[in-house]
Amino acid sequence: MTKKILCPVDGTDHAEVGLMHAAELAKLTGAHLTICAVNLALGGARGPTINQWTDEEAQALLDRAEAAARAAGATDTATAVLISRSAAPAIIAYAEEIGADQIVMGTGDKRGVKRLVLGSVAAEVAGQAGCTVTVAR
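Residue numbers (our numbering): 18 to 154.
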C-alpha cells in the first residue's frame, strides 16, 4: 500500500501532469505527498556555482505545486528543494531518505537523437529507484 509519495516538479506542463497523478493517488490512498524541486547547480570547476533558480523562485514553484495538489484533493503534503548537479540521482537519494514507497513524475516527449543526447530524468529514475515509479504522460 502506498503511504509516502514523492513527486518532483520543475514548472513544466509535463511535471504538472505528474503532479496531478500524484495528488489523485494521495487523495485516494491517504498517502503523504512530498513535492520536490531539484535546483540544479550549474558551473563550478573554474567559476562560481550558480543554481538554476533563486531560492525565491524555487520556493514559488513549490508553493504553486503544493496549492495545485491541495486543490486536487491531496491533504497531507510537504515540499523540499534539493540542490544537485544532476536531477535523477538527487530524486532517487531523497526518495530513499524520506522512505518514499512511490515516485510519481511526468515526462517530456524527447525522441530519437534528442533522447539519446539529452537523456530522460524519468527514465533514469525509473531504472534506478528502489521503489515503484509511475511515469505520467
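We put the CB at the ideal spot given by N, CA and C, even for glycine. Because the structure is a prediction, the values reported are computed rather than measured.
Contact between the stretch 88-105 and the stretch 42-60 (3+ Cβ pairs under 8 angstroms): yes
Cα-Cα separation, residue 20 to residue 69: 31 angstroms
Since residue 91 contacts residue 40 with CB under 8 angstroms, what's their CB separation in whole angstroms? 4 angstroms
Assuming the contact rule is C-beta atoms closer than 8 angstroms, residue 107 and residue 122 should be a hit. Round their C-beta distance to whole Å, please. Going by Cβ atoms, the distance from residue 107 to residue 122 rounds to 13 angstroms, so no, they are not a contact pair.
Quick check for students: name the residue ranges of the beta strand (DSSP E) that lie wholly in the stretch 61-100, counting only runs of 3 or more. 66-68
DSSP puts residue 51 in a beta bridge; with which residues? 23, 95
Roughly how many angstroms lie between the CA atoms of residue 63 and residue 57, to the nearest whole one? 17 angstroms
Which same chain residues, not among the five before or five after residue 44, have their C-beta less than 6 angstroms away from its C-beta? 90, 91
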